Structures are given as C-alpha cells and as structure tokens.
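A.B. asks: The structure follows.
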Amino acid sequence: MLFGVTLATFLIFNVVGGDPALQLAGKNASAEQIESLRLELGLNQSLPVQYLEFIKQVAFLDWGESWHTQQNINAMIVSGIGPSLSLTLPAFLISFFLSLLVALISTSIQSSHAAWDRGITIFCLALMSISFLVYIISFQYFLGFQWGWFPINGWDTSWTERWAFLVLPWIISSIVSLGPNVLIFRSVLTDELSNDYVRTAEAKGLNRFQLYTKHILKNAVIPIMTVVTMQIPFLVTGSLLLEAFFGIPGVGGLLIQSIQNSDFPVIKALTVLGSLLYLFFNLMADVLYTFFDPRVELK
Amino acid sequence: MIVSSRAPTFISKDSLALICFGVICVYLVLALLSSFGVIGVDYATTRLQLSYSAPSASHWFGTDFLGRDVFARVLHGTQVAVLVGFFAASISTTLGLMLGALAGYFGGWVDDLVTWLYATLESIPYILLISAFAFSLGQGLSNLYLALGLTGWVKMCRLTRGEFLKHKNLDYVVAAEAVGASHWTRIFKHITPNVLHIAYIQYSLTFIHAIKVEVILSYLGLGVEPGTPSWGVMINDAKSELSRGVWWNLAAATLFMFVLVLAVNIFTDRMGKALDPKSRASNFEV
Amino acid sequence: MKTVIFQAISLMFILLACTPKASKKTNTITAYLEANVPHLDPIHSTSKYSSVINANIFEGLYHYHYLKRPITVQPKLADGLPQILNNGKTYIVKIKRNVHFHDDPAFPNNRGRELTAYDFIYSWKRLADPKLKALGWWVLDGLIEGLNDWRDKVRSGQANYETPVAGLTALDKYTLQIKLSRQSFQFLHYLSMPPTMVVAKEVVQKYGKEIINHPIGTGPYVLKKWQRNSEIILSKNPKYHKVLYPTIGEDQDKSKGLLKYAGQRLPLMNEVRVRIITEKQPLWLAFLKGDLDFGTIPKDNFEQVFQNNQLTKEFADKGLRIHSQKSPDVTIIAFNMEHPILGKNKSLRKALAAAIDKKTILEKFYNSRGIVAEGPIPPTIYGYDPEYKNPIQHDKTLAKQYLADAGYEGGKDLPVFNYEMANNSTWARQYGEVLKDQWAQLGVKIKLNVNTWPQFDKKIKTKKATIFDMAWMADYPDSQNFLQLFYSKNISPGPNNFNYINRKYDQIYEQAVVLPPGAERQALFKKLIDIINEDVPGVFIIHRLYRYPFHSWLENYKPYPIIYDYYQYLSVDEDKKAAHR
C-alpha cells in the first residue's frame, strides 16, 4: 500500500516538474556550476538508486532538507501544522455542530413541515454550488475591506491576537463545509427514523424531543463519527486557498509552494505523511464501523 | 425490479426535478450552440479601447481587460464546463464501473489489485494527485478531462465493487449460472443493470465536481489553455478586478456556474432519493 | 435570502471580532514582501526577497548611496574608497574600526566581537566553498586570484579554510588586500551585493547547518522573530556602528522632505515588521487599509489610483503618495536561436519584431509606466543612450514585407510556434493573449504554454523553449550586465538564453569589457547594440517605470530596485498614522 504511494509519488514528481539544479543555480550560473550542483543533489544517480534513497527516508521519517529553502523538512512541516490546525479545527467544530443542528431540525420537521425540510436541502445545495474561490474573493473584499469587519490578512503567534485574523477564514470554511455536512447528517438521521425502535418508542408515548436526544442521536453517533473521522486528515493538510489569501503560514501554503518550486523532497514528505494519516484514520473509521455494524468484519 | 428503470418515471412525478432537468437541457443546448458557432461567437475579439466597460445594452455583462464581451465568454465557458463535466464524468464512471465490476465479481487477485489501486489513489492527498496528473499531462482541454477522469473513479469503483459482491451470490445470478450464462453475460446482462442507478448518481456528482475543480486548477495554473474562456479562468481573473470595481466578470461566471451546478445538484438529490434512498451524498471540498 | 443568512452568521462573529489594536508610539515600519524568504545566509542571497532582509542584517564593504541617482557606490564597512594599484588589479581596502557583530551566544560572554579584515577572507572563502553550493558564487567566480584554485582543492580535499588564497591577504587587522585575476570595473558593485557581505566564523561554527536561520551580521537590524510564510520582525541593533543619514541627494530631494533627517544616526526606527503576503488582493487591500506603510499597485487597480500622470483625487485625499522610479530593467520577447526555423531566418524574426505594438503593451499592461525599449540597455544604467532608435519600429505593412522576404508570405507553411510563459498569473496569460492577437494579424500562429517558474526555467536552460517572455533586471548598474546576455560563452544554461552565437559580437565584447568606463568603451558597446538589433535574437519591449505607492505618514521613502538596505532610512510620523486609523 505504502509501496504504491511512494512509487506513484516518486514517478510522477521525478518525471515531471522542473530541474532543481537549474533553479538553485540562479540566473547567472555557468554549466559547470549546474553540473556540480546536480552531483551534490544526487540527481546523477540512476532512478532505482534514487528510489531506494527515498524508501530509506520513508522508513526513518527523515526527509532531509528542502531544496528550495534548505530548511529541515520535518521542522517546516511541524511549524505549519499549528497554523493549519488553528484554521481548520475550529472551523471544523463550528461546521460540525451547526450542521448537526440544522440536520436535526431538518429531519424532525420532515413530515410536519415538508416544504421547510425541502427548503433546507435546497439551501445547502445552493451553498455547495458556488466555488470556494468566489467565497474567498468576495468575503475578503466585502467583509474584510469594504465593511471593515475583519482584518484582511495577517497572523500572530500569540492566540490573543491571532484569533482576530482567523474569524473570517473560519466563517468561509464553515459555510463551504456546511452544505455537504448537513446533507450527510440528515440522511444518517433519516435512516435511523426508519428503524423499528423509533416506532416502538413513539408507541410508548415518548415526546419528540426525548426521542431525538435519547434515541436517534445516540444511535446515529457512530455513523456520524465514521463520516467525520474521514475528514480529519484534511484538517492537517490545511486549506490551500484560505491560507494563501489570509496569510496563514500552514501546511497548505507549504504544499503550494513546494509544487510551484518543484521542491521534490517536500512534496514527497507531504504526500507520504498525508497518505499515512489517511490510512490511519481510515482504519479508525473501520473500527468504529465494526462496532456499529457487527455484520461487517475487519479485514 | 431493476432500480434504474425507475429513472424516467421519477422525473415525471417530481416537478422540481423536472425544472432542473429543463435547466440542464438549456445549458446543453447553449453549449451545443456555442460549439457550432451560433452564439458567443466573438468571445475572442479584443477591443482594447473598450477595456473593462461596465454592463450596457451592447455588452450585457460588460467587457473584460482586453475589451472582450463577457457575455460571449461566459456562454463559451458553458461549452467548456459542459465538456469538462461530460468527459470527466464519463471517463471516471466508466472506469469505476468496469474496475468495480471486475473486482467485485471475480474477487481473488483481481479484487486485490483493484482494491490496492484505488486505495493508493485515494490515500494521496487529492490536490497533489490532481496536480501531478495535470502537470504530467500538460495543458489543454482534453488533458483536463483525462486528469479529472483518471483521478475521479475511486468512489464509483468502491460502490460498484460492493454491489457486485452482494449481487453475485443472489438467486437470480446463481440461476443464470445454472442455465449456462458465461461470466460476461452475468456481469453485463444480469448484474450491471441492477447497479446502474449508482452510476447515474455518481455520474452527476463527478460532473459537478469536475466543474468546481476546474476553478481550483485554474488558480494553480493547471487549467485550460490560455485564451479559452472557462469559468475558472474568469473567476481567477476577478481576484484583482473586484477591488477596482469590476464585478461583472466574477458575477457572470459565478451566476452561470451557480445555476448549472445547483440544477444538477438538486436533480441528483431528487434522483438519489427516488432511486437509492440509502445512498449518501458526499462532496468533499478541495 | 441567502445573503441575509450570510450576514446573520457574520454578525454572530462580528460581536467577537475586532482588529488588533496598535499602541500609540510603535516606532515600527510595516513593510511587505510578495514571496516567502527561504533562508537567511548572504552567500545564498540571489532573490530580491532574501536580499532585502539580508542587506538589513548584514553589511558589505560598500553599498549604494540612498538618495543619489544614478546610483553610486559608497563605503559601508570600508573606511573610504579603495586604493587601486597594479593597473586596476590590486585593491587595498581599509576597514572601519569599532564595528561589532550582533550580540549572540556564539561569542564569548554573548557579546559581538569586533570586525576585522580576516572576517572578509573567511566569508569569501565560504562563498567559494563547494560544499555550501553558494547560489551567489557567480559574483566572485574567476575573479580573485587563487580563489577558484582553492575551491577545486577543497573539493578534492587538498585544502581547507586554513589554506591561504593568493589574492586575499590581511595586511593588518584593518587592511585587506585583494588581487584580481583580471581587471574588473564592476568589482565595487560586487562588493556591494549581498553574497559578499561579511559573517563571523564563530557563528558559522556554532550553528552549522542551522546558520541559515541565525543571521548574525554587523548591520542596523537584528532578526527578532521569523514566522515562516507569514512575518519577519527585525529590531534595531543597539550597538550599530556610526552610520549617518545622507546629507546630500538629488536636486528635488530637499523639497520632498527627504533630507529632514540629514546627519542623524541610523536606523531611524526601532522595529521593522515585514509581512509576507503572496496574493494580490489582500496585499492591495491591506495597504489601502493602512496595515502596510507602503505597497504596490496591481495592474487592474492602477487607473483607479493614477491618471494623467498624477494621483486621482480620491486617493490623494486618502493621503496616498507615489514615488516614481525608472527601473534598470528590460522586458524581452526572446527567440531561441537554435530553433530550426526561427533561429535560421532573420527576416522572420524581423517580421515578428515589427508586428509587435509595444505602445499598446505599454499602455495596457504597464499603464504607461515605462518607456518603449529601443535596445537592451535601460535608463539609469551606465551606457544608456536616450537618443538611440531601434532600426525596426512597429509597422504592420513592413512586418508583412519581412514575412514575405522570409519566404512565408501571409504565414503560409509556418508551423505554430510555442510561446512559454514564466508563471501562471493572470497578467502573464493576458500578455500572451495580446501577443498572440498581434502576431495573428500578421499571419503567424503561436500556442500559449503556461508554466510554473521551475518548468519555465528548465525549458529555457535546456534550450527547449521556442519563444518566451523574459525580463532582465540589472545586478549592478553597468551595460556589461546586459550585453553579457548575448555573449556566446554564456549560452544556456548560462544567462544567454537566446543561445545567440556571433563571433564578431564576441570579439568586440571581449575587447570592450576590459576597457575602463569612457568614450572608447561606449563606442564599442554601441556597435554591440547595433549587431543585436540587426540580428533580432529577441524583441526588447519595455523599460519599466515603477510607481511605488506609500502613505503620507511614511517618511524618507525613495526605493530603487537594487538598493536593498533601505529600512534603516525610513521613518513613520506616528501622529499622522494614528489619525488615519
């Protein structure tokens, strides 16, 4: 599995992209200087040898230094995780609770106020029909500049100052993920409604509030968690666009920069780490799912 | 009862879906007309003296930096969007269906191979994956379809595989085997029609996804060839235009995109509820 | 309906949100950079972004006068101009006394040691050290007697930092003798560039590889905080040696208030916050809001700000100011002379050149900020001739005639040429589209290829590009820096990306570069320009004119592209700034 990821990463980025020796050498370099750089970077070795080097790096999770910044890659990534998480985690939580609330309302009025339920669904779909980039460009312009509600761009290491810069990105991020989340949660909750125990509970005379809090939500927790667990790896990789527009020094910006600079060691590191995270949380989701549904066996 | 055969009838019963279907058809017609050069013909005509003129009677959505008619460009952009959506969705749905069917039906090493392949693709962060494909294929519309198609089949494959695993041991398939139907007959004639409804839903979801990803790829400089007016390019141009008061480029592209994507979104949602109530929409943002 | 809900959601947050408060007397300059600074080590300082930060922390022997134009070299760590002997091949430089490195744990008792001549010898050996792969090595490559030898011997393990270099000797603690292997009239410029700036051996030894994150120099500022991709904060070096604000400048400088602080000790402000903002929209909006003291005007916003050669009323009322500066650069549509058709057919290249409407490009893409280029040498560079006219001017009929002469009347039988763009910005794309349009009118078709910078670089350096867009910005203010672009020994991967080879050109070039500045050298340079303009290995488009916008509270702002150490001269009028907020 990891073999596939490493091989794919290696092939794709080694074959395409720029020549790091040329870039590092700068605009006035001579052919001799470029050749010696290439030697130092190990670009003269055969592809299999380079690949073995790469596997070694994966095994020890030691990626060496970036070609572009000459900084230690682990240090670069670690310094990006904090900012990325401070953008994505609160946004994720806001969106999660807000979506759950909307989904609960939507589900509970499904039979009584069908038109409203429908309206909510359409509203969510409408939110999903606008490009992320449009949200960013227009919110930054209107909310940040024109109406002056939020700082336009910036960052601070101390939380007392930092959060002010983050509010607008949180809002945008929440709005973008609101639509899909509500729809998923709503369908999970609707599934629960069709279960026999709901009818039993209704027959027993439970009121609607108790029914939802005591039974449906409790039973829906696991499928919802399963869905949510799968989103966690994305929190760490950050949000490319938001980071670029709002000046948040996170992993997303690192990703873009490394692609644009053909900074192969950083790309390799990010791809492999991203895959590892994904695999880990995939496993977590499977475990959760097994608890929920004993019919599925763990492989 | 084959689920997908309910498709035509559900539309006639659902007025909202019918409206959306109508909207989608209008877009398809627009795309066709613009590709045959009936409308949006002068999308490339530059009139530098008219640079950034506001919407007027002669230019309904104003003009862009090079004085080109934004309305013509946005119409032409419809063609690009429809093409991108159509090919990307066709490639990925077909690929997903085939691989999923093979894996689910035959099991064994075929299954292992396919599962390994999609698990690998799925675990690479999407943005890296798509940029890698776009990078290695190079610029251009057809390469864009390919990049989107080749990276978008995983979900379809996983779902199809699941359905095939379930269906291959059901009575009707076992019965077919007993009367001597070959593997291929069983896969294509018997099981496939029973999972087609998943293909319909996945097809529309990938269609929308492709249109939205095009915007992001344009941001990264990996989109269509320069000169081709796509909605993504127009939105990206607006990054610096808005602060000088030029909102029409952004507005036109966003509006056209919004209506189409919303129509497909609602249509898919209605279709999903009618054909496959258990299916869950999931649409991760990039 | 939708917007109402957006607003409601936003309102929820607004009750919480507030902009970070600025205390009254900040004594801080807020600057910006449009790209991330990868590392802070002078030997790798080749991009303008890292150079700005490096030049405010480190110092070299010389630097450029802040106010005088054309820019002139003046002593920084050197005590006066050098004594030049031996036909321009030996330099004796006195070094200022009582200059100390920044305080750092690398030194005994944390106190920065005094600078000596030995530090320069050490620093330049570092620049030559093959293991360090210094990006700035080209500056001294082949110039100092014995340094290239030393480099080769270090590579093969036969030499180390103790091994002497014939061309670098310290006559005493404060006197440095440099012997050049050839005459160079650019040498003082080289000594003003970041790669030759001085570092201390103790610091290098203490931090090893991590030196790139621990810049310790002798300059006006010390690195206080560095948040990657976000912000760099520099604070005043309390022990900065005595450097004074210049007392003379250009004629109008006095009336512009640029001499208000004449004779005062630098740096004027205690802190510099350098914000890193890579996207155009936030950069412009942050500047307008007053978050940045100075900014840059995006192309699309230009007419809103500046019309008829002055600020529009709206922006003048907001207290914006503009500094205009001719930039020592030239933009070029370059041809690859190794291309089988394009490289062999001079008339074809002339046709393409004559078809380009430089004036429209200047108006639309540079908002008339600049002048149409007639040759490779830009204004403000030694050797620029404002009277010179290119023999090929924009003329559609003539272009068609040239094309017919080339054997491709109306573009018949010509293949579609690839045009490479250096980046994926909207600007670059629209530029390509206009070019495509202008050449299409001639009958020549091009295909626009978007590249990331590394892809672009690779295509050019490996001679794979056919036609491409490039710009050359002076490294130092001398014509030679531009004429070397056509010297055959510099072909790709060297700076001659046209892969232009002309023996006659080479001969004259070699003759000219060893001459001292003067009429004879000038006459030879003129011949070189004529040869280039006849052969058309590229079309020179624009010499840019920069308009640097800044807020009225920022004092002493007079930027110039290759003057990097300018933070120390800037000052903020705190009251005016507070009034804006």
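Residue numbers (the numbering used here), protein chains in the order written: chain A, 2 to 300; chain B, 861 to 1146; chain C, -17 to 563. Backbone N, C-alpha and C fix where the C-beta goes; we use that ideal spot for every residue, glycine too. Quick caveat, the model's predicted, so the values are computed rather than measured.
1) Are the CB atoms of Thr1011(B) and Leu981(B) within a distance shorter than 8 Å?
2) What does the alpha-carbon distance come out to for the pair Glu391(C) and Trp421(C)?
3) Restricting to runs no shorter than 4 residues, where is the alpha helix (DSSP H) found entirely within the region 105 to 130 of chain A?
4) Residues in the same chain with beta-carbon distance under 6 Å from Thr1001(B), minus the five sequence neighbours each way, listed in chain order, please.
5) Looking at C-beta atoms only, is the number of pairs between the region 948 to 960 of chain B and the region 1056 to 1075 of chain B that lie closer than 8 Å three or more?
6) Which whole-angstrom value is the C-beta distance of Gly352(C) and His525(C), which I expect to be below 8 Å?
7) Does the beta-carbon of Ser1064(B) have 16 or more other beta-carbons within 10 angstroms, so that it is buried, or is it exposed?
8) I need the DSSP call for Arg108(C), collapsed to helix, strand or coil.
9) Enumerate, from N- to C-terminal direction, the unbroken beta strand (DSSP E) stretches of 3 or more residues contained entirely within the region 23 to 71 of chain C.
10) So, does the region 1091 to 1110 of chain B touch the region 106 to 120 of chain A, judging by three or more C-beta pairs under 8 Å?
11) For His936(B), report the span of its alpha helix (DSSP H) as first-last.
12) So, is Phe246(A) buried or exposed, given that buried needs 16 or more other C-beta atoms within 10 angstroms?
13) Going by other Cβ atoms of all chains shown within 10 Å of its Cβ, with 16 needed for buried, is Pro90(C) buried or exposed?
14) Would Leu125(C) and Ser166(C) be called neighbours here (beta carbons separated by less than 8 Å)?
15) Just to confirm the assignment, what range does the beta strand (DSSP E) spanning Tyr401(C) have?
16) Would you tell me roughly how many angstroms separate the C-alpha atoms of Trp120(C) and Gly1105(B), rounded to the nearest one?
17) Between Gly5(A) and chain B, is the shortest Cβ-Cβ distance under 8 Å, so that the two count as touching?
18) Could you work out which residue in Asp273(C), Leu250(C) and Met251(C) is closest to Ile258(C) when comparing CA atoms only?
19) How would you call Thr1114(B), buried or exposed, if buried means at least 16 neighbouring beta carbons within 10 angstroms?
20) Select from Trp435(C), Pro499(C), Gln462(C) and Ile314(C) the residue whose C-alpha is nearest the C-alpha of Leu417(C).
21) Would you kindly work out how many angstroms separate the C-alpha atoms of Pro87(C) and Lys188(C), rounded to a whole number?
22) By how many angstroms is the C-alpha of Arg928(B) removed from the C-alpha of Leu910(B)?
23) Can you check which of these residues, Phe480(C), Gln412(C) and Leu465(C), is closest to Leu926(B) by C-alpha distance?
24) What three-state label does DSSP hand Met231(A) in the structure shown?
25) Can we say the region 875 to 891 of chain B touches the region 1118 to 1125 of chain B, given the rule of at least three CB pairs closer than 8 Å?
26) What are the boundary residues of the alpha helix (DSSP H) that His1050(B) is part of?
27) Pairs of beta-carbons, one from the region 328 to 338 of chain C and one from the region 367 to 384 of chain C, closer than 8 Å: are there three or more?
28) Does any residue of chain B have a CB that is nearer than 8 Å to the CB of Ser109(A)?
29) Counting C-beta neighbours from all protein chains within 10 Å, is the total for Leu267(C) 16 or more, i.e. buried, or is it exposed?
30) What do you get for Lys78(C), buried or exposed, if any count of 16 or more other CB atoms within 10 angstroms of its CB means buried?
31) Measuring CB atoms only, is the region 958 to 974 of chain B touching the region 1033 to 1051 of chain B, in the sense that at least three cross pairs come out at less than 8 Å?
32) By how many angstroms is the C-alpha of His82(C) removed from the C-alpha of Lys221(C)?
33) Can you tell which of Asp451(C), His26(C) and Leu302(C) has its C-alpha closest to the C-alpha of Asp111(C)?
34) Could you check whether the Cβ of Met282(C) sits closer than 8 Å to any Cβ belonging to chain B?
35) Could you name the residues of the same chain whose beta carbon sits closer than 7 Å to that of Arg209(A), not counting the 5 residues immediately before and after it, in chain order?
36) Grab me the residues of Ile103(C)'s own chain with a C-beta within less than 7 Å of its C-beta, minus the 5 sequence neighbours each way, in chain order.
C.D. replies: Once the coordinates are examined:
1) It is a contact, given that the beta carbons lie within the stated cut-off.
2) Between Glu391(C) and Trp421(C), the C-alpha separation is close to 13 Å.
3) Under the rule that a run must span 4 or more residues, the alpha helix (DSSP H) segments found entirely inside the region 105 to 130 of chain A read 115 to 128.
4) The sequence as given places Leu at residue 1001(B); Thr does not occur at that position. For Leu1001(B), same chain residues with a beta-carbon under 6 Å away, outside a window of 5 residues either side, are Val1084 in chain order.
5) At 8 Å Cβ cutoff, the stretches touch.
6) Rounded, the Cβ-Cβ distance is 6 Å, consistent with contact.
7) Buried, since its Cβ has 16 or more Cβ neighbours within 10 Å.
8) In this structure, Arg108(C) counts as helix in the three-state DSSP scheme.
9) For the region 23 to 71 of chain C, the full-length beta strand (DSSP E) segments reaching 3 residues or more read 44 to 46, 55 to 57 and 65 to 67 along the chain.
10) No, they do not touch.
11) Where His936(B) is concerned, the enclosing alpha helix (DSSP H) stretches over Val930 to Phe966.
12) Buried: at least 16 other Cβ atoms inside 10 Å.
13) By the neighbour-count definition (other C-beta atoms within 10 Å, threshold 16), Pro90(C) is an exposed residue.
14) Their beta carbons are under 8 Å apart, which means Leu125(C) touches Ser166(C) by this criterion.
15) Counting along the chain, the unbroken beta strand (DSSP E) around Tyr401(C) starts and ends at Phe399 to Glu402.
16) The straight-line gap from Cα to Cα measures roughly 46 Å.
17) It does; some Cβ of chain B falls within 8 Å.
18) Distance from the Cα of Ile258(C) is smallest, within the candidate group Asp273(C), Leu250(C) and Met251(C), for Asp273(C).
19) Buried is the call here.
20) Between Leu417(C) and the set Trp435(C), Pro499(C), Gln462(C) and Ile314(C), the nearest pair of CA atoms involves Ile314(C).
21) Per the coordinates, the alpha-carbon of Pro87(C) lies some 9 Å from the alpha-carbon of Lys188(C).
22) Each residue's alpha carbon lies about 8 Å from the other.
23) When only C-alpha atoms are compared, the closest one is Gln412(C).
24) In the structure shown, Met231(A) falls within a coil segment according to DSSP collapsed to helix, strand and coil.
25) Yes, the region 875 to 891 of chain B touches the region 1118 to 1125 of chain B.
26) Here His1050(B) belongs to no alpha helix (DSSP H), and DSSP marks it neither H nor E.
27) Counting Cβ pairs under 8 Å, three or more are found: they touch.
28) Not one chain B Cβ lies under 8 Å of Ser109(A).
29) Flag for Leu267(C) reads buried.
30) Lys78(C) comes out buried.
31) Flag = yes, the region 958 to 974 of chain B and the region 1033 to 1051 of chain B touch.
32) Here the alpha carbons of His82(C) and Lys221(C) stand approximately 7 Å from one another.
33) Taking Asp111(C) as reference, the option from Asp451(C), His26(C) and Leu302(C) with the minimal CA-CA separation is His26(C).
34) Here residue 282(C) is Asp; the residue named in the question, Met, does not match the sequence. For Asp282(C), the answer is yes, since a Cβ of chain B falls inside 8 Å of its Cβ.
35) Result list for Arg209(A): Ser109, in chain order.
36) Once the five neighbours on either side are set aside, the close Cβ partners of Ile103(C) are Leu150 and Ala152.
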